[in-house]
Every structure is written in C-alpha cells, then in structure tokens.
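What follows is one structure encoded as structure tokens, with my remarks underneath.
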Amino acid sequence: MILNPGILALLLGSSIAFLMLLYAAGLGLKILSAWDPQSSSEQQLLLERKTWLVSTIVNYAFGFVVLSGLLFIYTVEDIHRLFIGAMCATGALNANEIGWLVLLVKIILFFAAALWVSLNRLDQCTEDTPLVRPKYIGLLLLTPLVGLDLLLQYSYFSGLQPEIITSCCGSLFSLGNDSVASDIAGLPPAPTMIAFFICGGLFLITLVLSLGSRQAIFRYLLFFASVLFFFISLLSIISFISLYIYQMPTHHCPFDMLQQNYGYIGYPLYIALFGGCFFGLLPGLCQPLKKNPSLKREIEKRERHWLLLAFFAIVVFLAIVAWPILFSPFILLSY
Amino acid sequence: MARRLNILEHALSSLLRRKQKNLAIIVVYTLTVATIASVLFLTQSLRSEAVNVLAAAPDIVVQRLAAGRHDLIPIADAEQIRRMPGVGKVEPRVWGYYYDSLKKVNFTLMGVKDSPTNLPLLQGTFPANNEQCTLGKGIAEAYGVTIGDSLVLVDSSNSSKLYQVSGLFIADSELLTNDLILLQEAELRRFFKLPDGRATDLAVEVYNQREVATLAKKIKLALPDSRPIGKTEILHTYDTVFNWRSGIMLTLFASALIAFCILAWDKATGISADEKREIGILKAIGWDTNDVLLLKFWEGLAISLTAFLLGAIIAYLHVFFYGAGLLAPVLQGWSVLFPQFNLTPAIDLYQLFVLALLTIVPYIACTIVPAWKTAVTDPDSVMRS
Amino acid sequence: MPRTRLFVLFITALTLLLAVLLAQGIRQAANPSFSQRAEKKALVATLGLTDLSIWSEARYTRHPSQADLFTPFQDYPGAFDHFPAGSIIAPGQPKPQTTLSFKQRGEQ
Chain U
1 MILNPGILAL LLGSSIAFLM LLYAAGLGLK ILSAWDPQSS SEQQLLLERK
51 TWLVSTIVNY AFGFVVLSGL LFIYTVEDIH RLFIGAMCAT GALNANEIGW
101 LVLLVKIILF FAAALWVSLN RLDQCTEDTP LVRPKYIGLL LLTPLVGLDL
151 LLQYSYFSGL QPEIITSCCG SLFSLGNDSV ASDIAGLPPA PTMIAFFICG
201 GLFLITLVLS LGSRQAIFRY LLFFASVLFF FISLLSIISF ISLYIYQMPT
251 HHCPFDMLQQ NYGYIGYPLY IALFGGCFFG LLPGLCQPLK KNPSLKREIE
301 KRERHWLLLA FFAIVVFLAI VAWPILFSPF ILLSY
Chain A
1 MARRLNILEH ALSSLLRRKQ KNLAIIVVYT LTVATIASVL FLTQSLRSEA
51 VNVLAAAPDI VVQRLAAGRH DLIPIADAEQ IRRMPGVGKV EPRVWGYYYD
101 SLKKVNFTLM GVKDSPTNLP LLQGTFPANN EQCTLGKGIA EAYGVTIGDS
151 LVLVDSSNSS KLYQVSGLFI ADSELLTNDL ILLQEAELRR FFKLPDGRAT
201 DLAVEVYNQR EVATLAKKIK LALPDSRPIG KTEILHTYDT VFNWRSGIML
251 TLFASALIAF CILAWDKATG ISADEKREIG ILKAIGWDTN DVLLLKFWEG
301 LAISLTAFLL GAIIAYLHVF FYGAGLLAPV LQGWSVLFPQ FNLTPAIDLY
351 QLFVLALLTI VPYIACTIVP AWKTAVTDPD SVMRS
Chain F
1 MPRTRLFVLF ITALTLLLAV LLAQGIRQAA NPSFSQRAEK KALVATLGLT
51 DLSIWSEARY TRHPSQADLF TPFQDYPGAF DHFPAGSIIA PGQPKPQTTL
101 SFKQRGEQ
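Residue numbers (the UniProt record's numbering), protein chains in the order written: chain U, 1 to 335; chain A, 1 to 385; chain F, 1 to 108.
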C-alpha cells in the first residue's frame with residue numbers, strides 16, 4: 001500500500017460518498033415502499049421532503065465522481081515514478097490487474113450518475129414527479145456501483161507494490177503484440193481516421209436535424225450516433241489521435257497526453273468527448289418519457305440546451321483532434 | 001442567473017448576520033486546511049529536493065552483509081568489481097558514526113582522500129592533513145565553533161585527539177551536511193581502528209546508467225555476501241519515504257479533520273430560532289425548498305472557498321518563508337541536530353486539488369443533512385411557535 | 001449587489017495572492033542561484049553522499065537508503081524500533097535475497 005496523499009484523498013472521498021449514498025439508498029427504499037402521490041397524508045409529505053435530501057446527496061456525489069475520476073488519472077500519473085518500467089499512467093495501471101477495472105467502473109459511474117442527476121432535475125421541475133419510482137430503483141443500482149468503485153480502488157491501491165516491474169505504454173500499445181490493446185493500436189490510421197470523421201459528421205448532422213425538428217427518429221439516431229462516436233473516438237485516440245498529439249508515428253498511449261509535456265491537452269479532449277457524448281445520449285433517452293405531458297413540457301424546454309451543449313463540446317473535441325492533423329508539420333499519411 | 005446571484009447575495013448577508021458563529025467555523029476550517037497543506041507542501045518539496053540532489057549519488061554502493069548485519073568489505077573486492085565491463089571507478093569509502101554523550105548528538109564521520117579545490121557551499125577548505133577537519137553547519141551551530149577552533153574527539157583507543165577546524169559547510173547545504181565531520185581517510189582509519197584492506201563500503205561508478213541494475217545483479221552473483229544498492233533504489237527510498245511520511249502524517253491529522261467535522265456538524269445542526277424563523281418567512285413569501293438548498297450551498301461554498309484559500313496561503317508562507325517552524329518539532333523525533341528547511345517550492349495544481357478534496361469533501365458531507373433539515377422547515381409551524 | 005461584489009473581489013484577491021505565491025515558487029525552482037541544485041549535486045558527487053541528513057538519531061534514520069530491511073531491529077532479535085522517526089520511515093531496499101524453506105522427512 002502506498003500512502004500517497006492523492007490516494008488518501010480518493011479513498012476518503014469515495015468512502016464518504018459511498019456512506020452518504022448508502023444513507024440515501026435507505027431513504028430511497030422507504031420512499032419506494034410508501035410512495036403514493038395521490039395521498040396527502042403526513043407520511044407522504046415527509047417522504048416528499050426526503051426526496052430533496054436524496055437528490056442533494058446524489059448531486060454532491062455526482063460532483064465528487066467527476067472530480068475523483070480526474071484525480072484518479074492524475075494520481076495514477078503521479079505514482080508511475082514508483083514503478084520500475086512505468087513511464088505514464090499505463091504502467092501504473094498495469095502494475096496490478098484491477099487498475100483498468102477501476103477506470104472502467106469510473107467511466108460507467110460517470111454516465112450513470114450524470115443520467116440520474118439530469119432525470120432528477122427534470123422530475124423535480126414537474127408538479128406530479130412521475131419519475132419517482134424509476135429514479136429510486138436507479139438509485140438502488142447506483143449505490144452498489146459507488147461501493148464497487150470504492151472496493152476496487154481500495155484493492156488496487158493496497159495491492160500496489162513499489163518494487164513491481166511493470167510495462168510501459170510503449171510495450172502495451174505497440175504493434176505486433178497479441179493483446180487487444182495492440183490490436184487497437186494496430187488499426188490502420190487512414191481507414192480509422194475516415195471512420196472517425198464520418199462518424200463525427202454523422203453525429204453533428206443528426207444533432208442539427210434534432211435541433212431543427214421534433215421528430216423522435218432523429219433523437220434515436222443521435223443516441224446511436226453518440227454511442228458509436230464514443231467508442232470510435234476512444235479507439236481513434238489510441239489508433240491515430242495520439243500519434244498526432246505526440247507527433248511520433250509509434251507512440252499510441254492514451255494517457256501521456258495528460259502530462260505537462262503536452263500542455264495537459266488530454267484534459268479538455270476527454271472532458272469534451274465525455275460531456276458531448278452524454279448530452280448527445282440524453283435526448284434519445286428522454287424521448288420515451290415524453291408520453292407524460294408534464295415531463296414532455298420540461299424535456300422540450302431543456303432539449304435545445306442539451307443539444308447545443310453536445311454540439312459545442314463535440315466541435316471542441318473535433319477541433320482539438322483536427323488541429324494537429326491539419327496544422328502540424330507531422331505527416332502520418334502521405335498522399 | 002440573476003436569481004442565483006440574488007440568492008448568493010442573500011447567503012452572504014445571512015452569513016454576515018451571524019458573524020461570530022461563522023467566523024469561528026472559518027478560523028477552525030482555515031487552521032485545518034493550513035495544517036494539512038503544510039504537511040503536503042513540506043513533504044512534496046523535501047521529496048523533490050531529495051530526488052533532484054541525490055541524482056548525483058554513487059551509481060552503486062556495495063555493502064557486505066555478515067551474520068545479517070552490515071560489515072566491512074574487503075578492498076580486494078573493489079578490484080574484482082572494477083574488472084567487470086562497464087564499470088568506471090570503484091572507490092572504497094570509509095565512514096561511520098560517533099556519539100557525543102554530553103549533548104546526546106550523533107555525528108557522521110566521513111573520510112576524504114584528496115581535497116578538491118573550490119568545492120561549492122564550503123567555507124574554508126577540506127582537511128588537508130591528519131590534524132584538520134571540516135564540519136557541517138548543524139555541529140558548528142550547536143557547539144558555537146568557527147574556523148580555526150579545535151575539535152576534540154575520543155578515538156577507539158580512548159585517547160583524545162585534537163582537530164583544527166579548516167572548513168565549514170554553509171547553510172544552503174544543511175539538508176545534506178548538517179551532522180557531517182570530514183577527516184582525512186588515513187586518520188579516520190586510525191581513529192576507528194579499521195583493519196587494513198577493509199572499507200565501509202564501495203562506491204561504484206557505472207558508465208551507462210541503464211546498466212546499473214544488470215551490474216548490481218552481476219556484483220551480487222560474483223560476491224554473494226554483498227548487497228549492492230543502485231542509485232534508482234536510493235532515489236526510490238526517498239520517493240517512498242516522503243510518500244509514506246506524508247501519508248502517515250495525513251492519517252494523524254485525520255483526527256484533526258474529524259474534530260473539525262464534528263464542529264461543522266454541530267454548528268450546522270444547532271441553528272437558532274432566529275434562523276429558523278428567517279427560513280420560515282422566506283418559504284412563506286414564495287421560496288421553495290430548492291432555493292433554500294441553493295442558499296445553503298452558497299453559504300457552504302463561501303465558507304469553504306475563504307477557508308481553503310486562506311489555509312493554502314498560510315501553509316505556503318509557513319513552509320517556505322518560515323521553514324515549517326511549527327511542523328519541524330513533529331518531524332524531528334529524537335534528532336538533536338535537525339536541519340532548517342530552506343526548501344525550494346515544488347507545489348503544483350495537483351497538490352492543491354488533493355488538498356481541496358481532502359478538506360472540502362468532509363465539510364460538505366457534514367453539512368448536507370443539517371442544510372436539508374433547514375430547507376424543509378415548515379413555514380407554518382415555525383411562524384406559529 | 002454590494003456584498004456579492006465584495007465577496008467576489010475578496011475571493012479573487014485571495015486566488016491572485018495564492019497564484020502569485022505559486023508563480024514565485026516556480027520562479028525560485030527555475031532559478032539556479034536560489035535552489036543551488038547544481039552546487040548541491042556537485043557536493044553530493046564529491047563526497048559520494050547517499051542520504052539527506054535529516055534524522056541523525058540512529059543509523060537507519062540517518063541513512064535510510066543504506067539500511068536494510070531488518071536494521072531497525074538488529075540490536076537483538078525482536079528488538080523494538082524505538083526511534084520516533086523510524087515509525088514514519090519505510091524500510092529500505094533492496095532486501096536480502098536469502099530464503100528459508102523446510103523439507104519433510106523422506107523428501108529429496
């Protein structure tokens with residue numbers, strides 16, 4: 001176990017978040033079992049008040065999830081110096097087989113918590129709060145996820161042995177290896193690039209169509225475009241975006257770009273990608289909820305805002321990706 | 001937006017109305033942040049100092065282990081190591097410890113062979129003959145010695161020996177030389193009655209830094225009773241020592257953090273009748289629960305931001321302008337000679353980010369439930385009472 | 001909104017002060033005559049120093065990188081580590097490579 005201040009902050013924060021969510025889940029159970037919007041009994045009033053507490057807790061927990069994701073990456077970057085052979089976060093994540101799982105759970109948690117917070121916002125703005133039941137079932141699913149995050153984080157950090165010899169990104173993301181990571185790195189840049197920009201274009205087109213029309217189909221299309229774009233972007237980051245950022249034809253690491261040498265360009269890149277994809281997902285996810293008239297009003301009030309946010313974030317993301325491709329002296333593809 | 005700003009305005013005025021209570025929280029909060037921040041800043045800077053400066057340490061130090069203890073190594077081994085390909089110079093080193101029972105101070109005695117000219121950070125010269133010595137600043141200060149004075153040591157045959165102080169290390173090297181006494185190597189051998197043909201350890205120079213680990217393995221293979229310590233391991237020790245150190249200190253300060261959380265919880269729960277009435281009236285004139293929660297959020301943010309920034313500034317001044325004067329006694333342990341910390345700052349945004357998470361998250365967690373309790377106050381019941 | 005303005009001003013001032021301090025720290029770190037890193041490195045190289053002289057109370061606290069895993073306990077078997085600094089220093093590396101194993105009766 002390495003008692004690094006960053007690790008302590010992560011573990012402390014996650015424990016607090018988990019405890020608060022456990023408390024919220026307990027309240028959620030009570031709310032689920034006795035919720036009756038028709039009733040005007042004192043108990044129902046009490047439960048309605050408790051929903052405010054639950055939503056405040058989850059809002060804060062969501063804020064923490066976002067920050068802890070960033071801190072986790074930053075800490076893993078910081079402790080890579082302790083491992084022989086590690087040169088960036090990849091090495092530190094490799095030092096222990098749970099490292100990558102923590103990252104995966106954190107990504108899932110980000111989307112799940114963001115969805116909960118947005119739905120809760122919607123719901124609380126209506127008079128009849130029709131989403132109470134699904135929301136609290138969702139909360140019961142979210143809580144174990146936070147617990148899992150804490151558990152995995154703890155076992156990852158406690159399993160770290162400074163003397164471990166680990167591999168660096170150069171060996172994980174190198175060609176001619178038999179791992180999944182090297183297969184991704186080995187994707188030919190030209191077709192990947194074409195797929196990436198086509199998919200990005202598709203995303204923006206469906207987005208503009210959704211902005212212009214109220215048809216449900218565009219929102220569903222946008223949903224699928226977001227999912228597709230998210231994964232293609234992650235693949236592309238390893239396959240060719242990293243190459244342009246580092247200006248090296250063999251450097252495929254998705255984490256080195258978070259380091260100071262590259263001006264921390266990775267942070268805006270990832271934040272824009274995650275934010276943009278989330279807001280791209282949201283209208284499609286909310287489409288079925290429009291059956292309810294009060295929700296429909298609220299959704300339509302916000303949808304434009306979401307779409308504009310998604311548009312802005314993805315344009316920023318594409319700009320960061322396209323900049324070195326267009327303007328740097330580094331040429332990967334010769335015509 | 002305007003609505004939110006109005007709520008912020010109201011939050012600030014309600015904070016100001018309860019000056020004493022909030023001032024107490026801010027003072028304690030600031031102190032908590034300042035303490036934790038001091039630990040973080042100090043250890044981070046010590047670590048970067050150690051890692052930067054000790055990069056010039058010997059590539060490999062070869063010790064001999066006998067009966068599970070560090071023992072004198074035969075100088076003949078040096079020849080064997082020197083013949084390995086890739087090895088440069090192999091220096092047998094002589095050094096040891098000396099205890100002064102009057103002042104209860106431990107010194108490190110080191111033998112030097114040839115005196116290099118114009119060494120930086122040194123006032124005076126290296127010991128040029130067997131009657132001279134060079135001292136670290138900690139010793140000079142503890143005993144009030146200057147160049148030209150004489151140092152009296154009792155050697156292994158229990159006879160006193162006088163050494164004239166020929167040089168003193170200046171303050172900037174304190175972290176490296178505080179308790180150091182340099183003597184001529186031949187004199188130190190006589191002093192410790194070391195057998196001929198033996199040294200304390202061997203400092204090995206390796207031409208190619210990448211070969212250090214391989215050579216260490218080779219040395220271990222050729223001399224099974226030896227213990228080679230590579231430079232990376234030296235640097236690594238300091239990297240982990242200060243990580244470990246700051247980790248332990250942070251865990252200790254966790255109790256301070258918990259105490260602070262209890263205070264915050266207590267202050268947030270015990271709202272006065274006045275405050276209750278105020279919330280009741282706000283709700284009666286049309287504020288909903290969300291607005292009151294927002295109000296409480298702004299209050300918490302205002303307090304946290306103020307305390308965090310003040311605490312970080314105080315910690316910075318404490319560590320880098322006052323040499324961490326309040327923390328040093330905690331770090332000192334039983335060392336009598338303890339260096340002053342004149343550290344080069346090595347703080348980045350990561351440290352501040354960690355600090356923010358360590359202090360603000362517990363505070364927020366403590367105030368959520370009390371804030372909610374206030375926010376759901378029933379206007380009717382409050383105004384009636 | 002006078003109070004908001006005042007508050008924002010106050011927080012900005014504090015942030016600026018902190019930023020100035022951090023910037024000064026970065027400047028100091030970049031300034032060779034302040035940090036004297038080169039001089040200190042020369043000293044380390046000349047003397048062959050391996051450790052910082054922070055805790056001079058015991059061998060393994062004075063030279064943590066030269067101490068082996070069991071130095072804190074080597075006065076006699078099972079001795080307590082009684083120096084305060086020892087409680088906050090991790091044992092050094094590398095560890096001895098020796099091992100202990102048993103063979104059951106009849107085992108080759």
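All residues carry an ideal CB built from backbone N, CA and C; glycine is no exception.
Predicted model only: the values in this text are computed from it and were never measured.
Proximal residues to Tyr335/U (C-beta, below 7 Å), its chain only, five neighbours per side dropped: On the first sequence, residue 335/U is found 335 positions in, with the first residue counted as 1. Low confidence applies to Tyr335/U: its pLDDT is 48, below 50, so where it sits in the model is not reliable, and the reading given next is rough at best. Same-chain partners within the cutoff: there are none.
is_contact[Asn261/U, chain A] using C-beta, thresh 8 Å: Reading the first sequence from its first residue, position 261 is the one you call residue 261/U. No, its Cβ sits nowhere closer than 8 Å to a Cβ of chain A.
Cβ neighbour criterion (16 or more within 10 Å) applied to Leu15/A: On the second sequence, position 15 is the one that residue 15/A refers to. So Leu15/A counts as buried.
8 Å Cβ cutoff, Tyr156/U in contact with chain B: Judged by its chain identifiers, the structure shown contains no chain B, and its protein chains are U, A and F.
Spatial neighbours of Leu148/U in its chain, beta-carbon cut-off 8 Å, leaving aside the 5 residues before and after: Mapped onto the first sequence, residue 148/U falls at position 148. A distance below 8 Å between beta-carbons, with the five flanking residues on each side excluded, links Leu148/U to the following residues of its chain, in chain order: Val105.
N-terminal and C-terminal residue of the alpha helix (DSSP H) that Asn52/A is part of: Locating residue 52/A in the second sequence gives position 52, counting from the first residue. Where Asn52/A is concerned, the enclosing alpha helix (DSSP H) stretches over Lys19 to Val53.
Test: Ile33/F CB closer than 8 Å to a CB of chain A: As a first step, residue 33/F is located in the third sequence; it is residue number 33 there, counting from the start. Residue identity check: residue 33/F is Ser in the sequence provided, not Ile. Ser33/F does not count as touching chain A.
Three-state secondary structure (DSSP) of Thr250/U: If you number the first sequence from 1, residue 250/U lands on position 250. Here Thr250/U sits in coil by DSSP.
Cβ of Asn243/A within 8 Å of any chain U Cβ: Looking up residue 243/A in the second sequence gives position 243. Chain U contact via Cβ: present.
6 Å CB neighbourhood of Gly136/A in its chain, flanking five on each side removed: Counted from its first residue, the second sequence places residue 136/A at position 136. Phe169, Thr177, Asn178, Asp179 and Leu180, listed in sequence order.
Assumed close pair Phe255/U, Thr90/U - CB separation to whole angstroms, cut-off 8 Å: For the purposes of this step, residue 255/U is taken as the residue at position 255 of the first sequence. For the purposes of this step, residue 90/U is taken as the residue at position 90 of the first sequence. That belief holds up - the Cβ atoms of Phe255/U and Thr90/U are roughly 6 Å apart, short of 8 Å.
Spatially closest choice to Gly88/A from Thr108/A, Leu122/A and Ala203/A, by CA coordinates: The residue you call residue 88/A lines up with position 88 of the second sequence. Ranking the options by Cα distance to Gly88/A, first place goes to Ala203/A.
Own chain residues within Cβ distance below 7 Å of Lys113/A, not counting five before or after: As a working mapping, residue 113/A is identified with position 113 in the second sequence. Within the same chain, Cβ atoms closer than 7 Å to the Cβ of Lys113/A are found at Glu185, the five residues on either side in sequence being excluded.
Contiguous alpha helix (DSSP H) assignments of at least 4 residues, all confined to the segment 90-148 of chain A: 137-143
Rounded separation between Gly148/A and Leu182/A - CA only: As a first step, residue 148/A is located in the second sequence; it is residue number 148 there, counting from the start. As a first step, residue 182/A is located in the second sequence; it is residue number 182 there, counting from the start. Taking the straight line from one Cα to the other gives about 15 Å.
Cβ-based burial, Gln80/A [other Cβ within 10 Å; buried from 16]: Residue mapping note: residue 80/A aligns to position 80 of the second sequence, counting from 1. Exposed, because fewer than 16 other Cβ atoms sit within 10 Å of the Cβ of Gln80/A.
Chain-ordered chain F contacts of Phe297/A [CB-CB under 9 Å]: As a position in the second sequence, residue 297/A is number 297, starting the count at 1. Chain F residues near Phe297/A: none, gap ~14 Å exceeds 9 Å.
Chain U within 8 Å of Tyr99/A, Cβ atoms only: Mapped onto the second sequence, residue 99/A falls at position 99. Using a Cβ-Cβ cut-off of 8 Å, Tyr99/A does not count as an interface residue toward chain U, since no Cβ of chain U sits closer than that to its own.
Reference Val321/U, options Pro283/U, Ile299/U and Leu273/U, closest by Cα: Counted from its first residue, the first sequence places residue 321/U at position 321. Comparing Cα positions, the closest option is Leu273/U.
Boundaries (first-last residue) of the beta strand (DSSP E) holding His318/A: Position 318 of the second sequence holds residue 318/A. First-last for His318/A: Thr289 to Phe320, but that is the alpha helix (DSSP H), not the beta strand (DSSP E).
Nonlocal neighbours in the same chain, by C-beta distance under 7 Å from Leu8/A, ignoring five residues either side: Along the second sequence, one-based indexing puts residue 8/A at 8. So the list reads Trp298, once near-sequence residues are dropped.
Burial state of Ser156/A (16 or more Cβ within 10 Å): Stepping through the second sequence from its first residue, residue 156/A is reached at position 156. When all chains shown are included, Ser156/A counts as exposed.
Contact under 8 Å by Cβ, Gly111/A with Arg189/A: Counted from its first residue, the second sequence places residue 111/A at position 111. Counted from its first residue, the second sequence places residue 189/A at position 189. Yes.
Three-state secondary structure assigned by DSSP to Phe169/A: Against the second sequence, residue 169/A aligns to sequence position 169. Strand.
Distance CB(Asp77/A)-CB(Leu317/A) smaller than 8 Å: For the purposes of this step, residue 77/A is identified with residue 77 of the second sequence, where counting begins at 1. For the purposes of this step, residue 317/A is identified with residue 317 of the second sequence, where counting begins at 1. No; because the gap between Cβ atoms is not below 8 Å, this pair is not in contact.
8 Å Cβ cutoff, Glu91/A in contact with chain F: One-based indexing of the second sequence puts residue 91/A at position 91. Judged by the 8 Å Cβ criterion, Glu91/A is in contact with chain F.
Three-state class that DSSP yields for Arg214/U in the structure shown: Counting from 1 along the first sequence, the entry for residue 214/U is found at position 214. Three-state DSSP puts Arg214/U in coil, outside helix and strand.
Where the beta strand (DSSP E) through Leu180/A begins and ends: Stepping through the second sequence from its first residue, residue 180/A is reached at position 180. Segment Leu180 to Gln184, the beta strand (DSSP E) holding Leu180/A.
Rounded Cβ spacing between Leu115/U and Leu285/U (contact assumed at less than 8 Å): The count along the first sequence starts at 1 and reaches residue 115/U at position 115. The count along the first sequence starts at 1 and reaches residue 285/U at position 285. About 7 Å; that satisfies the 8 Å criterion.
Own chain, CB closer than 7 Å to Tyr156/U, minus 5 neighbours either side, in chain order: Looking up residue 156/U in the first sequence gives position 156. Correct list, in chain order: Asn96, Ile98, Gly99 and Val102.
Proximity winner among His10/A, Cys366/A and Asn129/A, relative to Ile258/A (alpha-carbon distances): Locating residue 258/A in the second sequence gives position 258, counting from the first residue. Ranking the options by Cα distance to Ile258/A, first place goes to Cys366/A.
Val336/A: first and last residue of the uninterrupted beta strand (DSSP E) it sits in: Along the second sequence, one-based indexing puts residue 336/A at 336. Looking at the DSSP string, Val336/A is not in any beta strand (DSSP E), and its letter there is neither H nor E.
Euclidean distance between Cα positions of Leu282/A and Pro2/F: Position 282 of the second sequence, counting from 1, holds the residue named residue 282/A. Position 2 of the third sequence, counting from 1, holds the residue named residue 2/F. Computed Cα separation, rounded: 21 Å.
Closer than 8 Å to chain F by CB, Ser335/A: Numbered from its first residue, the second sequence carries residue 335/A at position 335. So, interface residue.
is_contact[Met193/U, chain A] using C-beta, thresh 8 Å: By 1-based counting over the first sequence, the position of residue 193/U is 193. Output row for Met193/U: interface = no.
Contact belief for Leu47/U with Ile73/U at Cβ below 8 Å, rounded distance in angstroms: Position 47 of the first sequence holds residue 47/U. Position 73 of the first sequence holds residue 73/U. Their Cβ separation, rounded to whole angstroms, is 39 Å, which puts Leu47/U and Ile73/U out of contact at 8 Å.
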